[in-house]
Amino acid sequence: MHVLYGGTFDPVHHGHLRLAVELRERLGVAELALVPCHMPPHRGDPGGSSADRLALLRLATAQEPGLVVDDRELVRGGPSYTAETLGQLRTELGASEPLVMVVGSDAFAGFERWRDWQAIPGLAHIVVVHRPGAELPRHGVVAQLMRDRGCTSVAELHQAPCGRILPLTLPLLEISATSIRERIREGRSPRYLVPDRVWQEIQARSLYGAGR
Ligand code: ATP
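Per the working numbering, residue 3 is the first one in the sequence shown, and the count goes up by one each step.
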């Protein structure tokens, strides 16, 4: 089973990293791929360049063999459409290998606005991680998808290559990249919210207004 967890990672923080570790264990896989996006279609341009965000992500995961970084969206360039990324992976993995995409409930609530969202259940399973304050809609496309495709166990993801949606509640750290960028811009410390190595590199590269 191949698991991918995409995001802007602007910058990567301990909330992302803890979630990745919890997920890897819960899904019972040897490794999980973190996929930084190049140009996020549904939000403003990131504060850090793609190359900077990728470098920080690599530093953050260097000592953790269970987490790997997949830079395919940066290599591809242009807007980072998840359906395209999953299509590429499906071609590489073949038709029968389970492929899982992880998404927070905040992002999944707007699923029907994603480019080619209808193709996604035919390419991958979706694991929706509940984020406090981001309940899934009770009506509309997302609610219907949950009714049609919702499942309750990880075992069901191993039994098919794609098509199921598993909501998961995991212990989360209340950290957001937005609050980290704000702190740095205001000259406050983001220590213990991001790995030390990441904070050192943010300072070395003067990212997010550090040292100004
Ligand atoms: P921003 O504050 O800039 O919106 P973010 O911290 O929410 O950023 P993203 O890179 O946009 O991070 O998120 C990537 C994925 O990680 C999304 O699916 C999001 O729901 C999830 N995520 C973000 N922060 C956390 C956290 N603290 N715990 C668990 N999941 C998180």
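Just so you know, even glycine gets a beta-carbon here, dropped at the ideal spot from N, CA and C.
A157 and A136 do not touch by the CB rule: their CB atoms are close to 26 angstroms apart, not below 8 angstroms.
About 5 angstroms separates the beta carbons of I186 and A212, which is inside the 8 angstroms limit, making them a contact pair. Under DSSP, G106 shares a beta bridge with V131. Taking 7 angstroms as the cut-off, the C-beta of G135 does not count as close to any heavy atom of the ligand ATP. Excluding five sequence positions before and after G50, the CB atoms of its chain that fall closer than 8 angstroms to its own CB belong to D12, P13, L58, L209, Y210, given in chain order. Spanning the alpha carbons of A162 and E86 requires a straight line of approximately 20 angstroms.
When V144, V143, Q146, R166 are compared, the shortest CA-CA separation from T154 is found for R166. For H18, the shortest separation between its Cβ and any heavy atom of the ligand ATP lies below 7 angstroms. Secondary structure at G211: helix, using DSSP grouped into helix, strand and coil. Straight-line spacing of the CA atoms in G152 and R92 works out to 21 angstroms.
Minimum Cα-Cα distance from S107 among the listed residues A145, Q90, E188 corresponds to A145. Its Cα nearest to that of D73, the residue R55 stands out among E27, A32, R55, H44. If you draw a straight line from the Cα of L138 to the Cα of S181, it comes to about 23 angstroms. Remark: C-beta atoms of L175 and G9 do not approach each other more closely than 8 angstroms. Straight through space, the alpha carbons of A62 and A97 are spaced by roughly 32 angstroms.
Leaving aside the five residues that flank E203 on each side, the residues in its chain whose CB is nearer than 7 angstroms to its CB run, in chain order, A57, L58, L61.
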